[in-house]
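Each residue of the sequence shown is one higher than the last, beginning at 18 in the numbering used here. Every residue, glycine too, gets a C-beta built ideally from N, C-alpha and C.
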Amino acid sequence: MTKQEKITVLIDYFQKANPDAETELHYKNPYELIVAVILSAQCTDVRVNKITPDFLKKFPTVEKLAKATPETVFPLIKSCSYPNNKANHLVKMAKMVVSDFSGKIPNTRENLEKLPGVGRKTANVMLSVAFDTPAMAVDTHVFRVAARLGLTPKAKTPLETETILVKLFPEALLPKAHHWLILHGRYVCTAKKPKCNSCGIKDVCRYYSLTKKTNNLD
């Protein structure tokens, strides 16, 4: 089976199994989303969703956050990973949005990546989720699932994985495909003890095929 044939099978499966796939982060606008995505680095969405309500009560707009200090932000986000760094990034991000982008979260990768705390993955999340722009954000789940499926077996970096997936999936489906792979990795194709036997796409999975032969599964 070629990679493109495999993609056709995957799209057909996910369109039926999870047609409305979307981010599990809670947000109402681009400002709230960029705050949540910055907080989500090496932190679960569940934890971020517990942090953001109180955070957004105190800093409901990017202008309010731009006037804050890392010291006032820290207590509100201390339960997430790397709170010191994230407090600094959030405040500096807000200050730049206000000073350089008239208080509006930029909607291009080039400008998003200028913001403190925003790398390529975060920029791609913002593009696909907040601005409905075709982009493939590669986090640890996407990286793992794509490799296991055999879509990106030789990719050694998130950028290599992104480059391959962007070519394989139809452009219009990239934002949804990003969530398909994330959610599949989060709940089925987990890093430890993946649920292969109950996986709906195991028949086209390179990892399952190799594991089945090794362990005589099924």
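Cutoff 6 Å; reference residue i; Cβ partners in own chain excluding five residues on either side
i	result
ALA256	Absent from the structure is residue 256, since the part of the chain shown begins at 18 and ends at 235.
MET110	LEU132, PRO133 and GLY134
VAL26	VAL221
TYR224	ARG165
Distance between residue j and residue i (C-alpha atoms, nearest Å)
i	j	result
SER215	MET113	47 Å
PHE160	GLU179	8 Å
TRP197	VAL162	10 Å
PHE31	THR89	43 Å
ILE55	ALA147	14 Å
ALA83	ILE181	38 Å
GLY120	ALA85	15 Å
LYS212	LEU227	15 Å
PRO192	VAL183	10 Å
ASP29	GLU80	44 Å
ASN4	TYR99	In this structure the chain extends from 18 to 235, so residue 4 is not present and cannot be described.
ALA189	LYS229	34 Å
ASN46	PHE186	27 Å
LEU176	GLY136	11 Å
LEU50	ALA164	28 Å
CYS97	PRO87	14 Å
HIS158	ILE122	26 Å
LEU200	TYR48	23 Å
LEU234	LYS219	At LEU234, the pLDDT of 48 sits below 50, so the modelled position is not reliable; the number obtained from the coordinates is stated separately. One C-alpha to the other measures close to 12 Å.
THR61	SER116	31 Å
Cutoff 7 Å; reference residue i; Cβ partners in own chain excluding five residues on either side
i	result
GLU39	HIS196
ALA208	ARG161
ALA154	LYS138, ASN141, VAL142, SER145 and HIS195
Which of helix, strand or coil DSSP assigns to residue i
i	result
SER226	helix
ASN46	coil
GLN21	helix
GLU127	helix
ASN35	coil
LEU191	helix
VAL205	coil
Host alpha helix (DSSP H) of residue i (start-end)
i	result
THR180	175-185
GLU80	79-83
PRO211	Counting along the chain, PRO211 falls outside any alpha helix (DSSP H), and DSSP gives it neither H nor E.
PHE91	87-94
THR157	157-166
LEU107	100-117
PRO151	Neither: PRO151 is in no alpha helix (DSSP H) and is coded neither H nor E.
THR139	137-142
Cβ-heavy atom distance, residue i to the ligand GTP, below 6 Å
i	result
HIS195	The ligand GTP is absent from the structure shown, which contains no ligands of any kind.
Given 8 Å as the limit, is there contact between the region 68-77 and the region 87-99, that is, 3 or more CB pairs closer than that? Under the 8 Å Cβ criterion, the region 68-77 counts as touching the region 87-99, having at least three qualifying pairs.
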